[in-house]
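Q:
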Amino acid sequence: MRTVVHGDVHVHYGQIYVHDDEAEPFEGDLAACFAGQRNGLCGAADPGHLFLITGLHTGNVGFTAEVHESEPPDSGAEDVVEASFHAEGRTVLVTWGGSAWWDLELTPGDYRVRYSGTAIDAGRERDTRLDGEPRLDSYLLQFWPAPPAPDVIVRETSAIAAYWHGFARDLPPPPTDEELAARWEARCRAEEEARAKARHEQLLREWGGVLPASPVLDLPPGSLREFAKLDRDLVGAAVAAGPELCRALARRVAHLAFERARLDGVGWIAEGLRALDKGIPLPPPFDDWTTAWDRLLADPDVPHTLVRTPDGRHDNALQQAMAFPAIFAAVREDELEALGQALSAAGHTYGDDRPRFLAEVRAALAELTGSD
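Residue numbers (this note's numbering): 2 to 373.
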């Protein structure tokens, strides 16, 4: 036998609890813990929890908890009840509000629990025990390995025990397994509906209150999804036409950006555009990001023009620097990301002349698809 708790333990509202860390968080549901039981002192109907009733409302009571290898002899206390308990993880004795707890050192498994009380009526009559006042009621909680069995009242002496036993007997029966399963399904369904509603509301905010059709709505996060918020019909038509069309359009968009920034007339840049059109690896210096940028900014043949950003906040963006990423974007492995990043670079190249940019991209798409 091991004594795991012994001494004064604080109770409030005449309650103290046993809680299994592996069980659902304990919410102190009195009815759920005693539903279907004979006894009203040790509520064990809620798996993983014991709801222990004391006579004293508030203050310290004497409390001992023991763990036995087999059924111990009856302590001879005035009120004695038994119930069953299954331990999964660390099982603790915890006070109301969780301000103090004690590890009961139970190994996982099935246990019989005997809860014995002495002078319960005296504790109830006192109601509140202040510091320095003598102890009145005391309790013994004993565990030993045993298979599950119905709870029993071993001995009933006090009036308060009789009251709580009557309370337990008058409770409606606990829900059946079928009812619990139905409640669980309803809860899961409600949670899924709430998640779906939250996702729908988030999408509405993202798309300005009107959702696009697939395949635009199904686009992964990235540049193309962001561009679709500017022109969902254009993106929808491109994606619906397939990956080869998206790759071809990405190349055309890169050309638009470079033509707008007057980069297509620079010899080494024109060579890079020809490689892009042929679908072969970009030649030096485009095979190295840093080297290519260094040459762009140092070459005296590269024009330097400024453009107002699409949001209108800056009018001194270097147009050639806005266009240059488009050629690297167009050769990205993923066709959708290639198109999205090329559109992003070209959009910045055109600056605040967005209508012309969209018109030219739409014209390129129509030419590629042979449609109006």
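Note that the Cβ used here is the ideal one computed from N, Cα and C, for glycine as well.
So, A251 versus L340, is the Cβ gap smaller than 8 Å?
A: Yes, they are a contact pair.
Q: What distance in whole Å lies between the Cβ atoms of R113 and S139, which are believed to be in contact at a cut-off of 8 Å?
A: The Cβ separation is near 21 Å, so there is no contact.
Q: Determine which residues share a DSSP beta bridge with G167 and list them.
A: Answer by DSSP bridge pairing: none, since G167 is not bridged.
Q: Taking a contact to mean a Cβ-Cβ separation below 8 Å, would you say W103 touches I17 in this structure?
A: Not in contact: W103 and I17 (Cβ atoms no closer than 8 Å).
Q: Going by DSSP, what residues sit across from W208 in a beta bridge?
A: DSSP lists no partner for W208.
Q: Buried or exposed: which applies to H50, given that a residue is buried once 16 or more other Cβ atoms fall within 10 Å of its Cβ?
A: Label assigned to H50: buried.
Q: Out of curiosity, what's the CA-to-CA distance linking P48 and A33?
A: 10 Å
Q: Would you give the residue range spanned by the alpha helix (DSSP H) that G235 belongs to?
A: In the sequence as presented, Gly is not what sits at residue 235; that position holds Leu. Here the alpha helix (DSSP H) through L235 covers 233-242.
Q: If you pair each beta-carbon of the region 281-301 with each one of the region 180-191, do three or more pairs fall below 8 Å?
A: no
Q: Compute the beta-carbon to beta-carbon distance between V308 and A299, rounded to the nearest angstrom, for a pair I have assumed lies under 8 Å.
A: Actually they do not touch by this definition, with Cβ atoms about 21 Å apart.
Q: Rounded to the nearest angstrom, what separates D232 and H305 at their Cα positions?
A: 29 Å
Q: What did DSSP end up calling F86 once you bin it into helix, strand or coil?
A: strand
Q: Taking only three categories from DSSP, how would you classify Y351?
A: helix
Q: Quick one: what's got a C-beta closer than 6 Å to D132's C-beta in the same chain, skipping five residues either side?
A: Once the five neighbours on either side are set aside, D132 has no close Cβ partner at all.
Q: Buried or exposed for I281, going by 16 or more other Cβ atoms inside 10 Å?
A: exposed
Q: Which stretch, first to last residue, makes up the beta strand (DSSP E) that contains P146?
A: 139-146
Q: H11 by DSSP, collapsed to three states: which one?
A: strand
Q: If I measure Cβ to Cβ from H349 and keep anything under 6 Å in the same chain, skipping five residues before and after, which residues do I get?
A: M323
Q: Return the CA-CA distance between A78 and A199, expressed in angstroms with no decimal places.
A: 57 Å
Q: Going by the DSSP bridge assignment, what does D21 pair with across the sheet?
A: D21 pairs with T92.
Q: Output the distance between the C-alpha atoms of A238 and D295, rounded to the nearest integer angstrom.
A: Those two C-alpha atoms are separated by around 37 Å.
Q: Identify every run of the alpha helix (DSSP H) within the region 26-71, keeping only runs that are complete inside it and at least 4 residues long; order them along the chain.
A: Whole alpha helix (DSSP H) segments, 4+ residues: 31-35.
Q: Going by CA-CA distance only, name the one from P285, E67, A331 that's closest to V5.
A: E67
Q: What did DSSP end up calling I161 once you bin it into helix, strand or coil?
A: helix
Q: Give the single residue among G210, R263, E338 whose Cα lies nearest to the Cα of V303.
A: When each option's Cα is compared against that of V303, the closest is R263.
Q: Would you report the Cα separation of G352 and R333, rounded to the nearest angstrom?
A: Just so you know, the alpha carbons of G352 and R333 end up roughly 24 Å apart.
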